[in-house]
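Novice: Count along the sequence shown from 1, then add 4; that gives the number in my numbering.
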Amino acid sequence: MKILILGADGQLGTDLVKTNPGRDVVGAVLADADVTDAGAVRTLVEKHRPAWVVNTTAFTRTEDCEEKPELAFAVNAFGARNAATAARGVGARLLTIGTDFVFDGEKGAPYVESDPVRPLNVYGISKYAGERLAQVEAPDAVVARGASLFGAAGALGKGGNFVESILKKAKAGEDVSVVNDIVVSPTYTRDMAARLWELIDRNAPGGVYHIVNPGACSWWEFAAEALRLVGLPAPKPVPSSAYPSKIKRPKYAALGSERLKPLGFAPLRSWRDALKAYLVEKGHIVR
Ligand SMILES: NC(=O)c1ccc[n+]([C@@H]2O[C@H](COP(=O)([O-])OP(=O)(O)OC[C@H]3O[C@@H](n4cnc5c(N)ncnc54)[C@H](OP(=O)(O)O)[C@@H]3O)[C@@H](O)[C@H]2O)c1
């Protein structure tokens, strides 16, 4: 069974390619096909004729999405649609990646798959449009929503990841301040990739799945744990109002799942265990 991964050099895409035990995987990057170009995506998919198309591409710089809404929609919404149309054209299934930013953060408890969406910014709206457009084109599409991803490759679009920026600053002796009033589900791309492979291997039913390392925390708690594990002092907690932003962000963006357990999937390891594994993978600590 052949699997075509779009965005293979991204943070999640890299781990999907890496954690692929003996599968027939083709990784495609922007130079192979721009997802905003429906014809290019169709040509690529027709060339490889995979059983699954996995779309990990996105315009992920949330603040820039406000400035460039056309590009945000071209990549995040129509890119997902183009992947879905091309997949359907060769009889392949589509797995496309969604985001916690489809929620408004008012729930105050982890969002499950059936919770109503209400994205607060262009990034979240364009990603939600991508989910729906993909599902309309390919009704059995799997939409796997991730959250606050950290992985060895770092988010290409964001120039790294949160953990590395915090460690770099702390190791350089700079003051590190981190917001303590935004709650997230930090998720290790290696673990998310492993779960995506399970969904593919089991030919999971279509629809939305939330895939996170469980146990929500504030960005401050996450940073404090990373620093504690490498033997450095905790950062200074600050309110998010200390960092004026161009966009509205959900204050409580943690995800949970009501769909995975009934299908027999065990929860992923906690974010603390995942963070430790990440720090080992990056060589910051030894096991
Ligand atoms: N990062 C997070 O915290 C987070 C949280 C929740 C959900 N997600 C979702 O998870 C998925 C993976 O995110 P990530 O962190 O792995 O992002 P990433 O590292 O920025 O990877 C995105 C990939 O998309 C590619 N790409 C961008 N525009 C493209 C286009 N027009 N045509 C083809 N490829 C294009 C990028 O290639 P270039 O670099 O060459 O442009 C890159 O390989 C995305 O769907 C994202 O929305 C991410």
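Every residue, glycine too, gets a C-beta built ideally from N, C-alpha and C.
If you measure between the beta carbons of V33 and A12, is that distance less than 8 Å?
Specialist: Contact: yes.
Novice: Report all residues from its chain with a CB closer than 8 Å to the CB of L124; omit the five preceding and five following residues, and keep chain order.
Specialist: Answer for L124: F105, D108, G109, I251, K252, R253 and P254, listed in chain order.
Novice: Does the Cβ of F107 lie closer than 7 Å to at least one heavy atom of ligand 1?
Specialist: No; taking the cut-off as 7 Å, the Cβ of F107 has no heavy atom of ligand 1 nearer than that.
Novice: When you compare the CB positions of A96 and V140, do they come within less than 8 Å of one another, or not?
Specialist: It is not a contact, given that the beta carbons lie outside the stated cut-off.
Novice: Does the Cβ of F63 lie closer than 7 Å to at least one heavy atom of ligand 1?
Specialist: The answer is yes for F63.
Novice: With a CB to CB cut of under 8 Å and the five nearest residues on each side skipped, what residues in its chain are close to D119?
Specialist: The answer, listed in chain order, is F107 and K111.
Novice: Return helix, strand or coil for H288, following the three-state DSSP convention.
Specialist: Coil at H288, not helix or strand.
Novice: Let me know the secondary structure DSSP gives P114 once reduced to three states.
Specialist: Coil.
Novice: Which residues does DSSP list as the beta-bridge partners of H214?
Specialist: Answer is R149, bridged to H214.
Novice: Give me whichever residues DSSP pairs with P241 in a beta bridge.
Specialist: P241 pairs with V182.
Novice: If you follow the beta strand (DSSP E) that L98 is part of, which residue opens it and which one closes it?
Specialist: Counting along the chain, the beta strand (DSSP E) containing L98 begins and ends at R97 to T103.
Novice: Closer than 7 Å by C-beta to K173: which residues in its own chain qualify, once you throw out the five before and the five after it? Chain order, please.
Specialist: V180.
Novice: Leaving out the 5 sequence neighbours to the left and right, which residues in its chain are closer than 7 Å to A91 when beta-carbon positions are compared?
Specialist: V49, V57, R97, L98 and A142.
Novice: Taking the beta carbon of M5 as the centre, do at least 16 other beta carbons fall within 10 Å, making it buried, or is it exposed?
Specialist: Its Cβ having fewer than 16 others within 10 Å, M5 is exposed.
Novice: For A281, tell me which candidate among E135, A78 and A230 has the shortest Cα-Cα distance.
Specialist: Out of E135, A78 and A230, A230 has the C-alpha closest to the C-alpha of A281.
Novice: Does ligand 1 have even one heavy atom less than 7 Å from the beta-carbon of L34?
Specialist: Yes, the beta carbon of L34 sits closer than 7 Å to at least one heavy atom of ligand 1.
Novice: Using a threshold of 8 Å, state whether the C-beta atoms of L153 and L233 are closer than that.
Specialist: No; because the gap between Cβ atoms is not below 8 Å, this pair is not in contact.
Novice: Could you spell out the range, first to last residue, of the beta strand (DSSP E) harbouring L8?
Specialist: Residues K6 to L10.
Novice: Just to confirm, is the Cβ distance from A88 to A138 under 8 Å?
Specialist: Cβ distance < 8 Å, so A88 and A138 count as in contact.
Novice: Give the straight-line distance between the Cα atoms of T60 and G287, rounded to the nearest whole angstrom.
Specialist: Computed Cα separation, rounded: 26 Å.
Novice: What three-state label does DSSP hand A32 in the structure shown?
Specialist: If DSSP states are grouped into helix, strand and coil, A32 belongs with the strands.
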